[in-house]
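Trainee: In the working numbering, the protein residues as written are 1 to 132. Here a beta-carbon is modelled for each residue, glycine too, at the ideal position from N, C-alpha and C.
1. Using CA coordinates, which residue listed in 59, 10 and 49 is at the minimum distance from residue 36?
2. I'd like to check one pair, residue 65 with residue 34: are the Cβ atoms closer than 8 Å?
3. Excluding five sequence neighbours on each side, which residues of the same chain lie with their C-beta closer than 6 Å to the C-beta of residue 126?
4. Around the Cβ of residue 43, are there at least 16 other Cβ atoms within 10 angstroms (buried) or fewer (exposed)?
5. Would you decide whether residue 118 is buried or exposed? Buried here means 16 or more other CB atoms lie within 10 Å of its CB.
6. Could you pull out every residue in the same chain whose Cβ sits closer than 6 Å to the Cβ of residue 45, ignoring the five residues on either side in sequence?
7. Have a look at 21, 1, 79 and 14 and flag the residue whose alpha-carbon is nearest the alpha-carbon of residue 108.
Okay, structure coming up:
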């Protein structure tokens, strides 16, 4: 079930044309082409209630990194890409029936003042119903 959600997230993010490179692992500094996205597992939470109503929350971090010549260009780029990813996530919030429900959180930041790199992390949390 983890791999199914991961693969569907990868396909969904990879379809966004504004993102040059999408990776399903954490990328080392300097690796890859900007703008890029990485999709990595974050955490899970299970709730066992009865044999027919168990749920598991699977969270993934979708990290978006943008690097341009100017900070203003970076800000415009990352905002547009985050908007595109959020629209895609909301449009298929069950990942074509794989998940029962989903929720999303966005955090923004930057590497440091000296580098023209902007980073946004979207935490995508999917709730799946599982049987024991």
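Mentor: Straight from the coordinates:
1. 10
2. yes
3. 5, 58, 99 and 102
4. exposed
5. buried
6. 57
7. 79
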